[in-house]
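Read through the structure below, which is laid out as structure tokens, and then see the notes.
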Amino acid sequence: MLTDSEYRHARKEKRLAIGVYPETSLADARQARDEAKRLLAQSIDPSTAKRLAKQLGHQAAINTFEAVAIEWLEQVHQHEVVPAHYQRNKRRLERDVFPVIGKRPASELSPPEVLSCLRKIEARGYIETAHRVKTLCSQVFRYGISTGRVERDPTVDLRGALKPHKTQHYPAITDPKEIPALLNALDGYGGQPTTIAALKLAPLVFTRPGELRQAKWADIDLEAATWTFQASKTALPHIVPLPNQAVEILRELHGLTGRSEFVFPGVRSSKRPMSNNTINAALKNLGFKDKMTGHGFRAMARTVLAERLNYPEQYIEQQLAHAVKDSNGRAYNRTTHLEQRREMLQAWADYLDTLRSSSAQAASASKHEAPPALP
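In full-length UniProt numbering, the protein residues as written are 1 to 375.
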């Protein structure tokens, strides 16, 4: 049974729908009727007031921090990062932010409210995560500003409010005098064939360790000597021109793992890539613990290419898949300076061969030195 109330406003007969019995109790119906009388006494149309209240309620629901954040995640963030990075950030918001401030209107959140959310993460000992979540919140607020639902970003006022986190530095060999010993150790490694190939390829291409171990044959064109994949940090297509030495390693490896999706499949299952700790474990076994890591090959290449081989920083940074912009602030296309970078990687591979052979010659000369004359 429909519960409604007739009234007169602005010389017109009108009807206010209050609810349906028994979903709407008689007590609630009387309360709604009394509220309508109160509005009429103030010359306010109850039907108009009800419609506006409903609109405001809907507006409030789509303007909560959680609603704005989910919209940002789906409309923006998932298109600018790789799926794994997107899922990680989504979980951080769902676990650490939404339960605390998710239902609050984003426009009403104050710096102390956001800080209280971040403090809970700090209390668990995850200092770096707290800083990362602060950055995520800032991105959500900036999206809210651009869509007209937030006026300012309260995280701006939190500068210095969190405990400082230590930047992680990966051990790396960058002195050319120490590189030959590393290369010779890699050449002499006696582990799994896939691990041997990965160790030899890592210094030649200096991609991120995760990008190397998850390399797929479908992304590699050995005839064109090119490896194209989605960079893990930027989610943008990235091209690695393969030097001759890298192509040779991959051709040999293809006979072993070419039927697998992955260039470096796992030992237990060819349907999964090798473990994320494989390279570092091998370097540790070779005696380079605290001296070199899989990530360290990037620092080694960056340092030597700039300081010894005198290549422009722009080429190096672009090959490292870092965000590099032109003079107008636009990100470089993946094919920008491709031929120059191809020449750079070949020169780098040849330079490593030179270091390796020079070391071998020096060792041979030392071995065949004439013994001192007897007195």
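No residue lacks a Cβ here, since even glycine has one placed at the ideal position from N, Cα and C.
None of the values given here were measured: they were computed from a predicted structure.
In this structure, the CA atom of F262 is about 44 Å from the CA atom of A106. Between the alpha carbons of I179 and R152 lies a gap of roughly 51 Å.
About 6 Å separates the beta carbon of W348 from that of A301, a gap short enough to meet the 8 Å contact definition. Checking the DSSP bridge columns, you'll see D221 partnered with T226.
Under DSSP, no beta-bridge partner is assigned to F297. The DSSP assignment places complete alpha helix (DSSP H) segments of no fewer than 4 residues inside the UniProt domain "Core-binding (CB)" (63-145) at 65-75, 83-92, 98-101 and 111-123, in order along the chain.
In this chain, P273 is not harboured by any beta strand (DSSP E), its DSSP state being neither H nor E. The DSSP-derived three-state label of I239 is strand. Put simply, the backbone Cα of P312 is about 13 Å away from that of L338.
Counting only runs that start and end inside the stretch 146-191, the alpha helix (DSSP H) elements of at least 4 residues fall at 179-187. DSSP places E248 in the uninterrupted alpha helix (DSSP H) bounded by N244 to T257.
When DSSP states are grouped into helix, strand and coil, P312 belongs to the coil group. Looking only at G160, V156 and K90, the smallest Cα-Cα distance to A67 is reached by K90. Taking 7 Å as the cut-off, the beta carbon of L253 is found no closer than this to the beta carbon of A185.
Considering only H169, L236, T257 and V133, the residue with the shortest C-alpha distance to L320 is L236.
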